[in-house]
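Engineer: This is the structure, below, for whatever I ask next.
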Amino acid sequence: MFSNIGEWRRSVYCGEVSTDHIGREVTLMGWIQRRRDHGGLIFIDLRDREGIVQLVFNPERSKDVHERAHCLRNEYVIAVKGTVAKRPEGTENPSIRTGDVEVIVKEFRILNDSLQTPFVIEDRVEVTENLRLKYRYLDLRRTALQKNLILRHRVSMAVREFLSREGFIEIETPFLTKSTPEGARDFLVPSRLNPGTFYALPQSPQIFKQILMIAGFDRYFQIVKCFRDEDLRADRQPEFTQIDLEMSFVERDDVMGIVEGLLYHIFRTAVGIDLTLPFPRLTHSEAMERYGLDAPDTRFGLELRDVTGIVRGSAFKVFSDTIAKGGIVKAINAKGCGGFSRKDLDELTEYAKTFGAKGLAWIRILPEEWQSPIAKFLSDEEKRGLTEVLKPEPGDLILFSADDAKTANTVLGRIRLKIAERLDLIPKGGFEFVWVTDFPLLEYDEGEGRFKSVHHPFTSPMDEDVEKLATSPLEVRSKAYDIVLNGEEIGGGSIRIHRSDIQEDIFRRLGISDEEASRRFGFLLEALRYGTPPHGGIALGLDRLVAIIAGAESIRDVIAFPKTQKAVCLMSDAPSAVDTKQLDELSIKVIKRT
RNA sequence: GGGGCCGUAGUUAAGUUGGUUAUAACGCCGGCCUGUCACGCCGGAGGGCGCGGGUUCGAGUCCCGUCGGCCCCGCCA
Numbered sequence: 002m003f004s005n006i007g008e009w010r011r012s013v014y015c016g017e018v019s020t021d022h023i024g025r026e027v028t029l030m031g032w033i034q035r036r037r038d039h040g041g042l043i044f045i046d047l048r049d050r051e052g053i054v055q056l057v058f059n060p061e062r063s064k065d066v067h068e069r070a071h072c073l074r075n076e077y078v079i080a081v082k083g084t085v086a087k088r089p090e091g092t093e094n095p096s097i098r099t100g101d102v103e104v105i106v107k108e109f110r111i112l113n114d115s116l117q118t119p120f121v122i123e124d125r126v127e128v129t130e131n132l133r134l135k136y137r138y139l140d141l142r143r144t145a146l147q148k149n150l151i152l153r154h155r156v157s158m159a160v161r162e163f164l165s166r167e168g169f170i171e172i173e174t175p176f177l178t179k180s181t182p183e184g185a186r187d188f189l190v191p192s193r194l195n196p197g198t199f200y201a202l203p204q205s206p207q208i209f210k211q212i213l214m215i216a217g218f219d220r221y222f223q224i225v226k227c228f229r230d231e232d233l234r235a236d237r238q239p240e241f242t243q244i245d246l247e248m249s250f251v252e253r254d255d256v257m258g259i260v261e262g263l264l265y266h267i268f269r270t271a272v273g274i275d276l277t278l279p280f281p282r283l284t285h286s287e288a289m290e291r292y293g294l295d296a297p298d299t300r301f302g303l304e305l306r307d308v309t310g311i312v313r314g315s316a317f318k319v320f321s322d323t324i325a326k327g328g329i330v331k332a333i334n335a336k337g338c339g340g341f342s343r344k345d346l347d348e349l350t351e352y353a354k355t356f357g358a359k360g361l362a363w364i365r366i367l368p369e370e371w372q373s374p375i376a377k378f379l380s381d382e383e384k385r386g387l388t389e390v391l392k393p394e395p396g397d398l399i400l401f402s403a404d405d406a407k408t409a410n411t412v413l414g415r416i417r418l419k420i421a422e423r424l425d426l427i428p429k430g431g432f433e434f435v436w437v438t439d440f441p442l443l444e445y446d447e448g449e450g451r452f453k454s455v456h457h458p459f460t461s462p463m464d465e466d467v468e469k470l471a472t473s474p475l476e477v478r479s480k481a482y483d484i485v486l487n488g489e490e491i492g493g494g495s496i497r498i499h500r501s502d503i504q505e506d507i508f509r510r511l512g513i514s515d516e517e518a519s520r521r522f523g524f525l526l527e528a529l530r531y532g533t534p535p536h537g538g539i540a541l542g543l544d545r546l547v548a549i550i551a552g553a554e555s556i557r558d559v560i561a562f563p564k565t566q567k568a569v570c571l572m573s574d575a576p577s578a579v580d581t582k583q584l585d586e587l588s589i590k591v592i593k594r595t
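Letter by letter, the first sequence follows residues 2 to 595 in the working numbering.
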């Protein structure tokens with residue numbers, strides 16, 4: 002039954018057979034997508050990477066070939082020789098690219114059969130994700146995923162083209178590297194040759210790329226896997242890919258300019274869209290004030306308003322007490338949401354609570370009155386103030402969050418997104434970029450009782466804020482910048498500290514002792530003393546970028562072999578236990594925990 | 001560490017206040033069919049409801065536990 006391909010070689014991809022081939026003999030190799038057996042005529046859709054084409058087995062052409070075609074089933078792999086013909090008038094299929102032609106089969110070889118697949122290989126067939134992940138090789142046969150991975154390839158090519166042209170040199174950095182104390186949890190790799198010691202997989206090539214700048218490469222880039230052992234999300238995998246780059250003798254605008262050029266080139270060549278440059282910029286505090294989040298979705302309005310000044314002395318104690326304690330009150334006018342039911346509002350409140358809100362105050366704007374549990378506490382003056390700021394009209398819904406600034410903003414920022422989703426305010430198919438700049442350098446970690454870097458400890462403070470490091474460290478801004486696309490952070494970078502004295506000072510302020518700093522980062526601190534040029538860079542999340550371009554819900558749909566939320570590969574069943582012998586060689590003993 | 005949703009033929013789903021033999025569509029198998037393309041028509045096979053307990057005369061339906069998938073909070077310099 003089976004044949005080898007022998008001397009047969011593909012002459013054209015199934016999806017590329019066109020009217021140009023009419024009358025010519027072609028050789029195709031592919032998978033059987035579907036069989037339509039009319040008893041007489043048999044039609045088979047043959048699929049390969051580029052698409053499908055209809056094969057015709059006609060008993061009048063060859064009784065033998067037609068006879069043999071009866072045993073063909075879905076996902077069998079066959080090679081076909083036949084003549085391309087224009088389809089008879091009226092039988093064209095405009096829904097496929099090859100729909101004007103068909104291949105009259107003269108001869109075919111069955112290269113392999115297939116079990117019945119656990120699910121049908123078709124985009125419109127919805128299958129649960131665990132099944133898709135277990136049979137990833139079948140899932141990847143579907144055109145949607147093939148398209149995504151081909152898009153990903155085109156984006157990668159565009160990156161290499163553009164950055165090479167701009168003088169960036171692609172240099173590989175080690176995967177077996179050193180654990181760093183700050184940041185995410187490391188994946189560790191035991192060293193057999195050095196029992197009891199471990200490499201860490203890189204969370205990013207950060208230090209290596211800085212050292213490449215010290216080494217004088219001037220411009221570096223890499224499309225590189227990074228590893229972080231943290232919990233997964235729709236947009237987070239334990240291993241993910243960064244477009245990593247670093248430049249010497251630059252300031253912030255130079256890096257941002259290169260990234261804008263890079264994204265322009267990516268969208269131009271891989272997507273066919275001309276972006277408008279430059280991208281708008283927001284400072285971090287502006288983003289927080291107007292959108293409540295440091296990754297604002299600027300595709301729609303519905304901006305947050307600060308009403309702290311209006312309700313400072315309010316009889317509604319939740320407002321006035323919060324403000325008295327240093328908090329703020331933010332409000333949003335959800336246009337046209339006045340019809341939200343009590344249940345809707347309760348659900349919204351529950352949602353708000355997941356982000357730390359204690360509650361969510363609301364006012365329904367009716368033609369004659371403001372309907373709300375808090376309306377009776379609001380003075381006429383407060384109502385006037387709110388009216389001026391929020392411009393409420395009958396049918397609107399006003400929502401408030403009162404809390405410390407960060408919580409109040411976050412809560413209402415999330416509510417803003419929820420409302421926009423519900424009101425269908427988010428334009429489909431668009432790409433809105435925005436830079437977020439002027440991040441604080443440090444934040445205070447209550448849990449650990451120390452300062453932490455907002456970006457990373459190598460980020461340079463703003464020159465004009467350096468002296469505030471000693472007096473009011475939380476007010477020091479950094480030379481960090483994030484690039485946000487459609488409300489998702491797709492990259493972040495900064496100008497780095499290029500002086501060892503400042504770097505040591507920052508480590509001290511982060512509560513990292515000189516001893517620890519030298520143990521963990523000693524090689525960097527030493528390198529910084531040997532003529533380090535000013536430098537900075539950025540890393541873009543390739544998975545996220547491609548996912549957004551592809552319109553994918555999750556980055557799993559743009560990664561060939563992704564892991565589940567428990568970081569398991571359902572296809573290969575990694576991670577798994579290993580032989581005691583392997584552990585012995587590594588001087589590792591597994592402790593069972595109850 | 002926590003919250004929510006989900007798990008029923010190969011697949012996707014339905015399954016009433018617990019009550020005869022667990023439904024449907026697609027897929028699969030067989031037959032018929034020379035212009036279909038989500039081909040059509042006829043016929044057929046296929047599951048005991050993720051797993052383990054419990055309540056009950058009786059459990060996909062209720063309870064407890066457990067495993068797995070997804071979304072989210074924390075976490076992700």
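Think of the CB as a built atom: it goes at the ideal place given N, C-alpha and C, for glycine as much as any other residue. Since we're looking at a predicted model, the values are computed, not measured.
Following the continuous alpha helix (DSSP H) through Val156, name the residue where it begins and the one where it ends.
Structural biologist: Numbered from 1 along the first sequence, position 155 holds the residue referred to as residue 156. It spans 144 to 166 - the alpha helix (DSSP H) in which Val156 sits, taken as one unbroken run.
Engineer: If you follow the beta strand (DSSP E) that Val85 is part of, which residue opens it and which one closes it?
Structural biologist: In the first sequence, counting from the first residue as 1, residue 85 sits at position 84. Where Val85 is concerned, the enclosing beta strand (DSSP E) stretches over 78 to 87.
Engineer: To the nearest angstrom, how far is the alpha carbon of Arg37 from that of Phe44?
Structural biologist: Stepping through the first sequence from its first residue, residue 37 is reached at position 36. Stepping through the first sequence from its first residue, residue 44 is reached at position 43. About 5 Å.
Engineer: Taking C-beta to C-beta, are Ala70 and Gly24 nearer than 9 Å?
Structural biologist: The residue given as residue 70 occupies position 69 in the first sequence. The residue given as residue 24 occupies position 23 in the first sequence. No, these two residues do not count as a Cβ contact at 9 Å.
Engineer: Counting along the chain, where does the alpha helix (DSSP H) carrying Ser501 start and finish?
Structural biologist: Counting from 1 along the first sequence, the entry for residue 501 is found at position 500. Looking at the DSSP string, the run of the alpha helix (DSSP H) that includes Ser501 is 501 to 510.
Engineer: If we ignore side chains and look at the alpha-carbon of each, how far apart do Thr270 and Ala159 end up?
Structural biologist: The residue you call residue 270 lines up with position 269 of the first sequence. The residue you call residue 159 lines up with position 158 of the first sequence. Cα to Cα, the separation comes out at about 7 Å.
Engineer: In this structure, what does DSSP give as the bridge partners for Gln223?
Structural biologist: Indexing the first sequence from 1 puts residue 223 at position 222. Looking at the DSSP assignment, Gln223 forms a beta bridge with Asp245.
Engineer: Checking the sheet assignment: what are the DSSP bridge partners for Pro462?
Structural biologist: Start at 1 with the first residue of the first sequence, and residue 462 comes out as number 461. Beta-bridge pairing links Pro462 to Ser479.
Engineer: Take the Cβ of Gln238 as the centre, count every other Cβ of all protein chains shown within 10 Å, and call the residue buried at 16 or more, exposed below.
Structural biologist: Taking the first sequence and counting its residues from 1, the one referred to as residue 238 is at position 237. Looking at its Cβ environment, which holds 16 or more other Cβ atoms inside 10 Å, Gln238 is buried.
Engineer: With a floor of 4 residues, list each alpha helix (DSSP H) that falls wholly inside the region 511 to 588, ordered by position along the chain.
Structural biologist: The qualifying runs are 515 to 528, 543 to 551, 581 to 586.
Engineer: Excluding the 5 residues flanking His67 on each side, which residues of the same chain have their C-beta closer than 8 Å to its C-beta?
Structural biologist: Here the question's residue 67 lines up with position 66 in the first sequence. Answer for His67: Ile43, Phe58, Asn59, Pro60, listed in chain order.
Engineer: Using the Cβ count rule (16 or more neighbours within 10 Å means buried), how would you classify Ala353?
Structural biologist: If you number the first sequence from 1, residue 353 lands on position 352. That one is buried.
Engineer: Label Cys227 either buried or exposed according to how many other C-beta atoms from any shown protein chain fall within 10 Å of its C-beta, with 16 as the threshold for buried.
Structural biologist: Taking the first residue of the first sequence as position 1, residue 227 is located at position 226. It is buried - the Cβ of Cys227 has at least 16 other Cβ atoms within 10 Å.
Engineer: Can you tell me where the beta strand (DSSP E) with Asn59 in it begins and where it stops?
Structural biologist: By one-based count along the first sequence, residue 59 stands at place 58. From DSSP, Asn59 is part of no beta strand (DSSP E); its letter is neither H nor E.
Engineer: Can you check which of these residues, Leu146, Val18, Lys82, Leu73, is closest to Ala553 by C-alpha distance?
Structural biologist: As a first step, residue 553 is located in the first sequence; it is residue number 552 there, counting from the start. It is Leu146.
Engineer: According to DSSP, is Tyr136 part of a helix, a strand, or is it coil?
Structural biologist: Mapped onto the first sequence, residue 136 falls at position 135. Correct three-state label for Tyr136: coil.
Engineer: Determine contact between the region 436 to 453 and the region 467 to 487, defined as no fewer than three beta-carbon pairs at a distance below 8 Å.
Structural biologist: These segments touch.
Engineer: My understanding is that Ala561 touches Leu152, with C-beta atoms under 8 Å, so please give their C-beta distance in whole angstroms.
Structural biologist: Along the first sequence, read from residue 1 onward, the residue named residue 561 stands at position 560. Along the first sequence, read from residue 1 onward, the residue named residue 152 stands at position 151. Not confirmed; about 13 Å, so no contact.
Engineer: Quick check on DSSP: helix, strand or coil for Gln238?
Structural biologist: Sequence index remark: in the first sequence, residue 238 carries index 237 (1-based). Looking at Gln238 - three-state DSSP - the assignment turns out to be coil, as it is neither helix nor strand.
Engineer: Taking its Cβ as the centre, do 16 or more other Cβ atoms sit within 10 Å of Tyr445, making it buried, or is it exposed?
Structural biologist: To locate residue 445, count along the first sequence from 1; it is residue 444. Counting Cβ neighbours within 10 Å, Tyr445 comes out exposed, since fewer than 16 surround it.
Engineer: Have a look at Ala201 and Asp232 and give me their C-alpha separation to the nearest angstrom.
Structural biologist: Translated into the one-based positions of the first sequence, residue 201 becomes position 200. Translated into the one-based positions of the first sequence, residue 232 becomes position 231. Roughly 18 Å separates the two Cα atoms.
Engineer: On the criterion of 16 or more Cβ atoms from any shown chain inside 10 Å, does Ala216 qualify as buried, or is it exposed?
Structural biologist: Along the first sequence, read from residue 1 onward, the residue named residue 216 stands at position 215. Looking at its Cβ environment, which holds fewer than 16 other Cβ atoms inside 10 Å, Ala216 is exposed.
Engineer: From Glu108 to Asn75, what distance separates their C-alpha atoms?
Structural biologist: Position 107 of the first sequence, counted from the first residue, corresponds to residue 108. Position 74 of the first sequence, counted from the first residue, corresponds to residue 75. For Glu108 and Asn75, the distance between alpha carbons rounds to 19 Å.
Engineer: Given that a residue counts as buried once 16 or more other Cβ atoms are within 10 Å of its Cβ, and exposed if not, what is Thr581?
Structural biologist: Within the first sequence, numbered from 1, the residue matching residue 581 stands at position 580. It counts as exposed.
Engineer: What is the rounded straight-line gap between the Cα of Met248 and the Cα of Ile224?
Structural biologist: Translated into the one-based positions of the first sequence, residue 248 becomes position 247. Translated into the one-based positions of the first sequence, residue 224 becomes position 223. Whole-angstrom Cα-Cα distance: 15 Å.
Engineer: Does any heavy atom of the ligand HEM sit closer than 8 Å to the C-beta of Arg143?
Structural biologist: With respect to the ligand HEM, the structure shown offers nothing to examine, as it has no ligands at all.
Engineer: Helix or strand or just coil, what does DSSP make of Phe432?
Structural biologist: For this step, residue 432 is matched to residue 431 along the first sequence. Looking at Phe432 - three-state DSSP - the assignment turns out to be coil, as it is neither helix nor strand.
Engineer: Measure the C-alpha to C-alpha separation of Arg186 and Thr350 and round it to an integer number of angstroms.
Structural biologist: Here the question's residue 186 lines up with position 185 in the first sequence. Here the question's residue 350 lines up with position 349 in the first sequence. Cα to Cα, the separation comes out at about 33 Å.
Engineer: From the DSSP output, read off the bridge partner residues of Ser45.
Structural biologist: The residue labelled residue 45 in the question sits at position 44 within the first sequence. According to the sequence displayed, residue 45 carries Ile and not Ser. Answer is Arg36, Leu56, bridged to Ile45.
Engineer: Which residue's Cα is closest to the Cα of Ile172: Met214, Phe222, Leu139, Arg133?
Structural biologist: Position 171 of the first sequence, counted from the first residue, corresponds to residue 172. Answer by Cα proximity: Phe222.
Engineer: Take Leu132 and list the residues in its own chain whose beta-carbon comes closer than 8 Å to its own, dropping the five residues that flank it on each side.
Structural biologist: Your numbering for residue 132 matches position 131 in the first sequence. Here the set comprises Pro119, Phe120.
Engineer: Taking the DSSP output, what are the residues bridged to Trp371?
Structural biologist: In the first sequence, residue 371 corresponds to position 370, counting from 1. Paired residues: Ile366.
Engineer: Taking 8 Å as the cut-off, does the region 312 to 319 touch the region 457 to 469 (at least 3 CB pairs, one atom from each stretch)?
Structural biologist: Cβ pair count under 8 Å is below three, so no.
Engineer: Who are the near neighbours of Asp46 in its chain, counting only those whose CB is closer than 7 Å to its CB and skipping five residues on each side?
Structural biologist: Taking the first sequence and counting its residues from 1, the one referred to as residue 46 is at position 45. So the list reads Gln34, Arg35, Ile53, Gln55, once near-sequence residues are dropped.
Engineer: Rounded to the nearest angstrom, what separates Pro563 and Leu543 at their Cα positions?
Structural biologist: On the first sequence, position 562 is the one that residue 563 refers to. On the first sequence, position 542 is the one that residue 543 refers to. The alpha-carbon atoms of Pro563 and Leu543 are separated by roughly 14 Å.
Engineer: Using a Cβ-Cβ cutoff of less than 7 Å, which residues in the same chain neighbour Arg137 once the five nearest sequence positions on both sides are dropped?
Structural biologist: By one-based count along the first sequence, residue 137 stands at place 136. Within the same chain, Arg137 has close Cβ partners Phe562, Met572.
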